[in-house]
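2 protein chains.
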Amino acid sequence: MTEKKLIMVPGPTNVPDRVMKAMTKPMIDHRGPAFKAMFDSITENAKYAFQTRNDVYVLTVSGTGGLECVVGNAISPGDKVIVPVFGLFSGRAKEAVARRGGRVVELQSTWGTAPTASQIREAVEGEKDVKAVFVVYNETSTGVTVRELPEIGEITRENSLLLIVDAVSNLGGDDLPVDKWGVDIGVTASQKCLACPPGLSLFSVSPKAWEAIEKVEKPFYFDMVEMREFTKKKETPFTPALPLFYALDEALKMVREEGLENRIRRHRTCSEAFYAAVEALGLSPLPDKNVRSNTVIAFNKPEGVDNAKVRKTMDEQYNVVISPGAGKLKDAIFRIGCMGIISETETLQTIDALENALADQGYKFKKDSGLKAAHERFRKN
Amino acid sequence: MTEKKLIMVPGPTNVPDRVMKAMTKPMIDHRGPAFKAMFDSITENAKYAFQTRNDVYVLTVSGTGGLECVVGNAISPGDKVIVPVFGLFSGRAKEAVARRGGRVVELQSTWGTAPTASQIREAVEGEKDVKAVFVVYNETSTGVTVRELPEIGEITRENSLLLIVDAVSNLGGDDLPVDKWGVDIGVTASQKCLACPPGLSLFSVSPKAWEAIEKVEKPFYFDMVEMREFTKKKETPFTPALPLFYALDEALKMVREEGLENRIRRHRTCSEAFYAAVEALGLSPLPDKNVRSNTVIAFNKPEGVDNAKVRKTMDEQYNVVISPGAGKLKDAIFRIGCMGIISETETLQTIDALENALADQGYKFKKDSGLKAAHERFRKN
Chain B
23 MTEKKLIMVP
33 GPTNVPDRVM
43 KAMTKPMIDH
53 RGPAFKAMFD
63 SITENAKYAF
73 QTRNDVYVLT
83 VSGTGGLECV
93 VGNAISPGDK
103 VIVPVFGLFS
113 GRAKEAVARR
123 GGRVVELQST
133 WGTAPTASQI
143 REAVEGEKDV
153 KAVFVVYNET
163 STGVTVRELP
173 EIGEITRENS
183 LLLIVDAVSN
193 LGGDDLPVDK
203 WGVDIGVTAS
213 QKCLACPPGL
223 SLFSVSPKAW
233 EAIEKVEKPF
243 YFDMVEMREF
253 TKKKETPFTP
263 ALPLFYALDE
273 ALKMVREEGL
283 ENRIRRHRTC
293 SEAFYAAVEA
303 LGLSPLPDKN
313 VRSNTVIAFN
323 KPEGVDNAKV
333 RKTMDEQYNV
343 VISPGAGKLK
353 DAIFRIGCMG
363 IISETETLQT
373 IDALENALAD
383 QGYKFKKDSG
393 LKAAHERFRK
403 N
Chain L
23 MTEKKLIMVP
33 GPTNVPDRVM
43 KAMTKPMIDH
53 RGPAFKAMFD
63 SITENAKYAF
73 QTRNDVYVLT
83 VSGTGGLECV
93 VGNAISPGDK
103 VIVPVFGLFS
113 GRAKEAVARR
123 GGRVVELQST
133 WGTAPTASQI
143 REAVEGEKDV
153 KAVFVVYNET
163 STGVTVRELP
173 EIGEITRENS
183 LLLIVDAVSN
193 LGGDDLPVDK
203 WGVDIGVTAS
213 QKCLACPPGL
223 SLFSVSPKAW
233 EAIEKVEKPF
243 YFDMVEMREF
253 TKKKETPFTP
263 ALPLFYALDE
273 ALKMVREEGL
283 ENRIRRHRTC
293 SEAFYAAVEA
303 LGLSPLPDKN
313 VRSNTVIAFN
323 KPEGVDNAKV
333 RKTMDEQYNV
343 VISPGAGKLK
353 DAIFRIGCMG
363 IISETETLQT
373 IDALENALAD
383 QGYKFKKDSG
393 LKAAHERFRK
403 N
């Protein structure tokens, strides 16, 4: 039994030693030259990860804080925003807009399904004075990815609407070419596919987004125009979380060294191995095949099995931590984070622990069938 | 020459190895049992540091973010708030209230002086419908501490007003008995006198503050009622910056081990040694004696000396980093952070570097007089 837990929840995820070690670099003056050098390095590599020539910012705040920040800057009270809601985090997106005083046009879909481009088009055409469309690209609560995001980007471009994208749980693990797809504001967080500890949010801002932001009365800590001003000096307006900036710098260097394409392919391969294993075990992934996430594997709990007990066995006997569902699907599904350092090793260790824990609960399946199916997927490479 | 820089800016400050090491603990599930245990430990020791039986919260955000959070929760648009402004950070307090839509009653004092209780009393009596008084206890930009805060607390208590206190740069290094002085919301940050890296803000909330907060329409990430709800489960609403929570847990344990009284005395002694040295060198502290800070030493730059060059020599030749002024006093003063791990060693090393750098600039003073004066102060203990 290894002592270190394998954290397979959908974030925070396992962090490479290189990144952990970077956090212990000594404190520096965040208004001095050493910080400016790191600022450059982070900015350049963050743009690479976002596939953008637009501005990218890093803020000391969790992913949800990043979303509150972009909403507070891009949306004024009274602005109309289309928000597809198909899980807990897209529900949070709606809530953030509503708390800001925005008028939400909510497009509901069943949890486990994805909103479609035609739904968005219909809403855009049916509504007057829409300012923005806010899409959660990867719904962490259901393991669903909005695969029609490129088409949605065409619609927002055609109609001169802002496209705000929450890519908290898949940027770096799935494709999000911000410029190509016309994403005006893309948001992610440090602790998911970038394999960095939690505490930072990153977001990209297009010229079109800046035009809107400049007209909005902004909050204080979250004022993006101030961030833009301080960026000219290679500083942040307020004290940055230095150890996390060190860690992010290292984590982004690792993204660059691996190459984004390779990194996305690695996430995709591991996720396909997970889905193959889940199906071989006679279990069903929550989402349909065409909208399944690369980074969050959600599947239905079989009848007669106790969700908490399965996870307890995996944790205590096999040192693998996975998650239940979130919100209304809490007991109904399991969720596995397929993020960051994920490779064949972690994938197989997790499936092995899952098989053993399910067997303990009396669930019937062909022994080793999950492992075998995952193995086969890896051998295809 | 030692390789490691001594960071003597007014935060972030030097962090003990024990605290740095804590950051490299492996990632955990922030909804799991290991986090709950740490949550208990942090909460208990934070209450000790705040000298309060009220609730204390920790948020992933810088100190300014913490201020924005408490303002967003305690103040509604239209609420009248008295804000003494006597430096850059009290100016920020005013700005945060104004951005929230609050009506600011600004009490201006010259930079380097402190607002008095009688000024506050006059404003309270002269204005109708005041909801809160927002005082920056330690003005980091000028090295001034509001020594009449206990009397201000009596005024707000008598008049049933909320007392919001920014103690970002001195909690843990100076006295702030939150309950005794009637502080309704006290805010600090991790990277100052608690000797932890930056990235977290801590705040206390009194029952009177809760009554006000419950009536305010709140932002989303910053919703304190949500924080209170999640605290019942020993969790934070959104993903916490785990490594910084580990670090804060360790840093607060160190506060407890040393004892708050001892810790405050240590800060006071070192600050008195600094002031003695500054005066012995023929330089003048910016604030009058009765409002000088324990934690930020601000003193006027002598004529004929270049601010940037003095600091460059201290940094490059002696590995000691201090700060210039902030805002309109940028070139006119120097600022030294007297925070966290500060002891006789760091104090003398800083004074030595300062003496040498001033001598390089042709400034005339009695050699070693600063060191001697500081030494004498330490020998008095």
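Chain order of the listed sequences is B and L. Remember, this note's numbering sits 22 above the position in the first sequence when you count from 1. Remember, this note's numbering sits 22 above the position in the second sequence when you count from 1. Every residue, glycine too, gets a C-beta built ideally from N, C-alpha and C.
Whole-angstrom C-beta distance between residue j and residue i, which should lie under 8 Å
i               : j               : result
proline 241/B   : glycine 94/B    : 5 Å
valine 41/B     : alanine 217/B   : 7 Å
valine 152/B    : glutamine 130/B : With 8 Å as the limit, valine 152/B and glutamine 130/B do not qualify as a contact, their Cβ atoms being about 17 Å apart.
serine 212/B    : leucine 270/B   : 6 Å
glutamate 128/B : valine 105/B    : 6 Å
Closer than 8 Å to chain B by CB, residue i
i                   : result
phenylalanine 111/L : no
methionine 23/L     : With a pLDDT of only 41 at methionine 23/L, under the threshold of 50, the placement of this residue in the model should not be trusted; the figure read from the coordinates follows. Answer no: the Cβ-Cβ gap between methionine 23/L and chain B never drops below 8 Å.
arginine 314/L      : no
asparagine 36/L     : yes
methionine 49/L     : yes
valine 31/L         : yes
histidine 52/L      : yes
alanine 118/L       : yes
Residue-chain proximity (residue i, chain L), Cβ-Cβ < 8 Å
i                   : result
serine 84/B         : yes
histidine 289/B     : no
tyrosine 243/B      : yes
leucine 274/B       : no
glycine 349/B       : no
lysine 153/B        : no
glutamine 371/B     : no
lysine 27/B         : yes
phenylalanine 252/B : no
leucine 193/B       : no
arginine 121/B      : yes
methionine 45/B     : yes
proline 99/B        : no
glutamine 339/B     : no
Residue i to residue j span [Cα, whole Å]
i               : j                  : result
alanine 348/B   : serine 163/B       : 5 Å
leucine 185/B   : glycine 165/B      : 21 Å
valine 332/B    : glutamate 338/B    : 10 Å
serine 182/L    : glutamate 144/L    : 15 Å
arginine 16/B   : glutamine 383/B    : In this structure chain B extends from 23 to 403, so residue 16/B is not present and cannot be described.
glutamate 161/B : aspartate 188/B    : 9 Å
lysine 275/L    : asparagine 67/L    : 7 Å
leucine 264/L   : asparagine 341/B   : 19 Å
lysine 256/L    : aspartate 196/L    : 29 Å
threonine 65/B  : valine 343/L       : 26 Å
proline 199/B   : threonine 74/B     : 7 Å
proline 55/B    : tyrosine 268/L     : 28 Å
valine 300/B    : glycine 359/B      : 14 Å
glutamine 371/B : phenylalanine 57/B : 39 Å
lysine 402/B    : lysine 334/L       : 59 Å
leucine 308/B   : lysine 214/L       : 47 Å
Simplified DSSP assignment, three categories, for residue i
i                   : result
alanine 405/L       : The requested residue 405/L does not occur in the structure, where chain L is confined to residues 23 to 403.
aspartate 271/B     : helix
phenylalanine 400/B : helix
glycine 124/B       : coil
glycine 88/L        : helix
lysine 389/L        : coil
asparagine 95/B     : helix
tyrosine 79/B       : strand
proline 172/L       : helix
arginine 250/B      : helix
arginine 179/B      : helix
leucine 216/B       : coil
aspartate 328/L     : coil
leucine 380/B       : helix
Bridge partners - residue i, DSSP secondary structure assignment
i                   : result
phenylalanine 321/L : Pro307/L and Phe356/L
arginine 278/B      : Arginine 278/B is not bridged to any residue.
glutamine 130/L     : Val107/L
valine 227/B        : Asp77/B and Ile207/B
Residue i beta carbon near the ligand FAD (any heavy atom closer than 7 Å)
i                   : result
phenylalanine 321/B : This structure lacks the ligand FAD; in fact it carries no ligand of any kind.
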